[in-house]
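Enquirer: In our numbering, the protein residues as written are 6 to 118. Cβ coordinates follow ideal geometry from the N, Cα and C atoms, glycine included.
#1: With a CB to CB cut of under 6 Å and the five nearest residues on each side skipped, what residues in its chain are close to residue 47?
#2: Between which two residues does the alpha helix (DSSP H) harbouring residue 26 extend?
#3: Let's test the definition: count the other Cβ atoms within 10 Å of the Cβ of residue 96 and tell me whether it reaches 16, buried, or not, exposed.
#4: Under the three-state reduction of DSSP, which class applies to residue 157: helix, strand or coil?
#5: Looking only at C-alpha atoms, which of 36, 61 and 45 sits nearest to residue 104?
#6: Are the Cβ atoms of residue 33 and residue 91 separated by less than 7 Å?
#7: So for residue 62, helix, strand or coil by DSSP?
#8: Are any of the Cβ atoms in chain B nearer than 7 Å to that of residue 11?
#9: Restricting to Cα atoms, I'd like to know which of 25, 39, 75 and 17 is closest to residue 113.
#10: Would you tell me roughly how many angstroms separate the C-alpha atoms of residue 86 and residue 55, rounded to the nearest one?
So, in structure tokens, the structure goes:
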């Protein structure tokens with residue numbers, strides 16, 4: 006059974022009812038740090054990490070990370086928007102974890118689900 010999202014937030018991430026409770030207990034600075042590190046590693050990294058990924062992994066990871074980069078650079082987001090972004094990145098990446106470096110996979114596993 007598919008879950009119904011409550012809304013799509015201004016950054017383009019779907020928000021679900023269970024994320025509301027998760028947002029209340031999240032360590033926002035830690036999640037921001039992890040997301041920022043992932044964005045830096047994948048989008049601004051100087052190594053050939055992206056080129057080593059399949060087309061599907063690139064698409065599934067780069068699109069939500071680009072949206073996250075825009076959200077993080079604004080500095081103006083709620084805990085719910087942050088959780089929604091983090092959950093989307095983790096969900097989008099999960100089926101490709103075997104393609105990622107150990108450090109990227111470890112960072113992704115720190116994000117909320």
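Expert: In short:
#1: As a first step, residue 47 is located in the chain shown; it is residue number 42 there, counting from the start. Correct list, in chain order: 70.
#2: In the chain shown, the residue the question calls residue 26 occupies position 21. Taken as a continuous stretch (DSSP letters only), the alpha helix (DSSP H) holding residue 26 covers 22-30.
#3: The residue you call residue 96 lines up with position 91 of the chain shown. Flag for residue 96 reads exposed.
#4: Residue 157 is absent from the structure shown; the chain starts at 6 and stops at 118.
#5: Here residue 104 refers to the residue found at position 99 when the chain shown is read from its first residue. Cα-wise, what sits closest to residue 104 is 61.
#6: Here residue 33 refers to the residue found at position 28 when the chain shown is read from its first residue. Here residue 91 refers to the residue found at position 86 when the chain shown is read from its first residue. Against a cut-off of 7 Å, the Cβ pair of residue 91 and residue 33 comes out as no contact.
#7: Position 57 of the chain shown, counting from 1, holds the residue named residue 62. Residue state, collapsed to three classes: helix.
#8: Absent from the structure: chain B. Only one protein chain is present.
#9: On the chain shown, position 108 is the one that residue 113 refers to. When only C-alpha atoms are compared, the closest one is 39.
#10: Position 81 of the chain shown holds residue 86. Position 50 of the chain shown holds residue 55. For residue 86 and residue 55, the distance between alpha carbons rounds to 26 Å.
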